[in-house]
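Residue numbers (this note's numbering), protein chains in the order written: chain A, 13 to 380; chain B, 13 to 380. For each residue, glycine too, the CB sits at the ideal point set by N, CA and C.
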Ligand SMILES: Cc1ncc(COP(=O)(O)O)c(C=O)c1O
Ligand SMILES: Cc1ncc(COP(=O)(O)O)c(C=O)c1O
């Protein structure tokens, strides 16, 4: 990458105080710097730079405030025992960002350049990668439409940002099983909509159902398809897997489900372990029926924020089923340990998923 | 309203140059001032103020950039021949803003206060209301989520803004008939989603279809329902009406269509004129069939931006039907003239829709 060397770097004159790494919340603290790049029609993406973390200045008519044309990604960096920083499958996130861009009429980015820019940002802020159990550096690339114009049309100007946040567990339950309410009134997404893109509107649409689930004492929502309210889509910000009668099943990608990178990694691991797995339509009836017959062995969500989140209970139409006595299932545990192990470089990585972003030896070289 | 007097006003020291009122575009120029009010959990809405139009400063993690929690409105102010400024049904917009707020988990605003705040803003910027044929002052109230936090949940902080833009015609066609492509792949909204709320995500989702319609030489998209791709929902940013065999029909409100204020006004006017009108399901087959039988007399869109926009052509599944020889129909014309007449105070206003926001005589009083 030649462009990579052309990222202008303007370092902060005063590093912020870091939060205590053993008491991290999720998404509340941000590192000293951020990456920014501009887009203008006719000019393309330009002016890539790393600058001190600072407020954005946008015209009140900037399109993102009105017409929601925005996309984002979420990935994590981990510290290994040698003090190196590892990224988990970062190219997959940049690929998905481009798929989201396509759906939202946002110009494509150079995926390779974006990964290199991220590495550069991590090198600069490497002291912000936390080292405690369950902690990581959460990375949020996002693109917003910035043209100052009121009128429904694709924006002619954008900004691409990467910000980073040292984080602890996403769910207060940690790796303990969560309780899930099945949603049958509100719809997250439908085929032909934006469900398989990572864009703000999907999350805005989900808040009302999330609020009602919490009102019932459940921490997450399980979404059903928008047409028949019958087939399982996903859970909150996670894809979902079930183990039924020895077989692992997960809803097939259908155009309205987000194509999770953790989902993809879980499928690859399970196949690598030679366990039976099927991607297909899964109805909520089937799950409740399997439970009645004593065949529902496990359920868990998969996503970058929580990695693997075992499910201990489902609530649907006044009926409640408890899985595994609210304990973490065997597959969920094995997946969690393997995935977090690969992410931190403590277990073998047969797929080459962990990508070094910064290593301590490099630093030594740079000093020479 | 007591609160009304408590709006802090900070006037600009230097008025911007106004664009030539006879060459106005839509949504490109903004007046000298804007209204702002903050919300914080525990504190409620507070610190209402009118300040010079200026960039917003927001943390890069402000939730609106990531999770799309935002709502907006659109309404217009007109200059009448006495130099008074008239608002068209502003309370309806603030009511709808609150319905949108409810769907998006945004705290309710005081509707009456919002209208008063708008009037105050118009008084200050009254010289920006243009006076040419087809021009008006477009008003954009909007609310964005501002809490600096990465995590899917309702924001704990918001800002409510009103900005204003002197505008000309929304469509380059003006009152001339537009050509519409029926969309059967992409979906705008579905029952249980956010289609009946005025929130950014709906518009972001619509861009891709809009782009493909334009590629085919059509200026707008007609949306079908998200389940069966069969029933007509609305057109671009307009509700839609048809005259079939002497009867006026419009899709009924079904939870996924925006409840247009122009739609409501058109229904009231048509009933006032004792013409037959039905709100019901209207399938796209019915429209094409009616055309074949020579019974499709008119079609037009209704919305604040264009008021009434006659439709001259529909394209669907490789078939194209032309209405009225691409000429504006009788009902569309009558509605356009009556509505714009009421809006500008040149024809009687039996419903009390036009609300004075600023009048020249008041100004004289103020000077005494
Ligand atoms: C709606 C939704 N589904 C699924 C996922 C899981 O995707 P990934 O494993 O790539 O984090 C996420 C989170 O990114 C999400 O927001
Ligand atoms: C999706 C959509 N439908 C319909 C309308 C028409 O609504 P109104 O007549 O209130 O402007 C609008 C514009 O506001 C809109 O954005």
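Which term fits residue 228 of chain A, buried or exposed, when burial requires 16 or more other beta carbons within 10 angstroms of its beta carbon? It counts as exposed.
Looking at C-alpha atoms only, which residue of B:300, B:17 and B:65 is the closest neighbour of residue 174 of chain B? For the set B:300, B:17 and B:65, the Cα lying nearest the Cα of residue 174 of chain B is the one of B:65.
From residue 13 of chain A to residue 254 of chain A, what does the alpha carbon distance come to, in whole angstroms? Residue confidence for residue 13 of chain A is low, a pLDDT of 42 falling below 50, so the modelled location carries little weight; the figure read from the coordinates is stated next. Across the structure, residue 13 of chain A and residue 254 of chain A are spaced so that their CA atoms are roughly 42 Å apart.
Looking at the strands, I want to know which residues DSSP matches up with residue 149 of chain B. Under DSSP, residue 149 of chain B forms a beta bridge with B:89 and B:178.
From residue 369 of chain A to residue 114 of chain A, what distance separates their C-alpha atoms? Cα-Cα distance, rounded: 27 Å.
Less than 6 Å separating the Cβ of residue 264 of chain B from some heavy atom of ligand 2? Incorrect: residue 264 of chain B has no Cβ contact closer than 6 Å to ligand 2.
Using a Cβ cut-off of 7 Å, pull out every chain B residue sitting near residue 126 of chain A, in sequence order please. Within chain B, no residue has its CB atom less than 7 Å from the CB of residue 126 of chain A, the nearest being about 16 Å off.
Beta-carbon spacing of residue 163 of chain B, residue 163 of chain A below 7 Å: Taking 7 Å as the Cβ cut-off, residue 163 of chain B and residue 163 of chain A do not qualify as a contacting pair.
So residue 102 of chain A packs on residue 91 of chain A, CB below 8 Å; how close in whole Å? The beta-carbon separation of residue 102 of chain A and residue 91 of chain A, rounded to 16 Å, does not stay under the 8 Å limit for a contact.
Whole-angstrom Cβ separation of residue 178 of chain B and residue 41 of chain B, contact assumed at under 8 Å? That pair is a contact at about 6 Å.
Which ranges would you report for the beta strand (DSSP E) in the stretch 257–301 of chain A if only whole runs of at least 3 residues count? Taking only runs of at least 3 residues, the beta strand (DSSP E) segments lying wholly in the stretch 257–301 of chain A are 259–263 and 289–292.
If distances are taken between C-alpha atoms only, which option among B:145, B:363 and B:137 comes closest to residue 29 of chain B? Distance check between residue 29 of chain B and each of B:145, B:363 and B:137 places B:137 closest, using alpha-carbon atoms only.
Please state if the CB of residue 71 of chain B and the CB of residue 160 of chain B are separated by a distance shorter than 7 Å. Going by C-beta atoms, residue 160 of chain B is nearer than 7 Å to residue 71 of chain B.
Per-residue DSSP class, three states only, for residue 198 of chain B: The answer is coil: DSSP assigns residue 198 of chain B none of H, G, I, E or B.
Does any C-beta atom of chain B lie closer than 7 Å to the C-beta of residue 217 of chain A? Yes, because at least one Cβ of chain B sits closer than 7 Å to the Cβ of residue 217 of chain A.
Given 6 Å as the limit, tell me if residue 315 of chain B has its C-beta closer than that to any heavy atom belonging to ligand 2. It does: the Cβ of residue 315 of chain B is within 6 Å (strictly closer) of some heavy atom of ligand 2.
Under the DSSP definition of a beta bridge, which residues are partnered with residue 371 of chain B? Looking at the DSSP assignment, residue 371 of chain B forms no beta bridge with any residue, so it has no partner.
Within 7 Å, strictly: CB atoms of residue 51 of chain B and residue 216 of chain A: Contact check for residue 51 of chain B against residue 216 of chain A fails: the beta carbons are separated by 7 Å or more.
Chain B residues whose Cβ lies nearer than 8 Å to that of residue 206 of chain A: The answer, in chain order, is 213, 216 and 217.
Extent of the continuous alpha helix (DSSP H) to which residue 126 of chain B belongs: In the DSSP annotation of this structure, the continuous segment of the alpha helix (DSSP H) that includes residue 126 of chain B starts and ends at 123–136.
If I follow the unbroken alpha helix (DSSP H) through residue 10 of chain B, where does it start and stop? A question about residue 10 of chain B goes unanswered here, because the residues of chain B that appear run from 13 up to 380.
Just to confirm, are residue 238 of chain B and residue 202 of chain B a CB contact at a threshold of 7 Å? Less than 7 Å divides the Cβ of residue 238 of chain B from the Cβ of residue 202 of chain B.
Residue 349 of chain B CB to nearest heavy atom of ligand 2 below 6 Å: Checking the 6 Å criterion, the Cβ of residue 349 of chain B is out of range of every heavy atom belonging to ligand 2.
Would you mind telling me which residues of chain B sit closer than 7 Å to residue 156 of chain A, beta carbon to beta carbon, in chain order? What residue 156 of chain A touches in chain B: 77.
Span of the beta strand (DSSP E) holding residue 233 of chain A? Per DSSP, the continuous beta strand (DSSP E) segment holding residue 233 of chain A begins and ends at 232–236.
By how many angstroms is the C-alpha of residue 360 of chain B removed from the C-alpha of residue 213 of chain B? Straight-line measurement puts the Cα of residue 360 of chain B at about 38 Å from the Cα of residue 213 of chain B.
Compare the C-beta of residue 113 of chain A with all C-beta atoms of chain B and state if any pair is closer than 7 Å. By this cut-off, residue 113 of chain A is not an interface position.
Using a Cβ cut-off of 7 Å (strictly closer), state whether residue 163 of chain A contacts chain B. With a threshold of 7 Å between beta carbons, residue 163 of chain A makes contact with chain B.
Could you tell me which residues DSSP pairs with residue 68 of chain A in its beta bridges? Answer by DSSP bridge pairing, in chain order: B:70.
Please report how far the alpha carbon of residue 343 of chain A lies from the alpha carbon of residue 118 of chain B, in whole angstroms. C-alpha separation (whole angstroms): 39 Å.
Would you verify that the beta carbon of residue 355 of chain A is, or is not, closer than 7 Å to some beta carbon of chain B? No - not a single Cβ of chain B is within 7 Å of the one on residue 355 of chain A.
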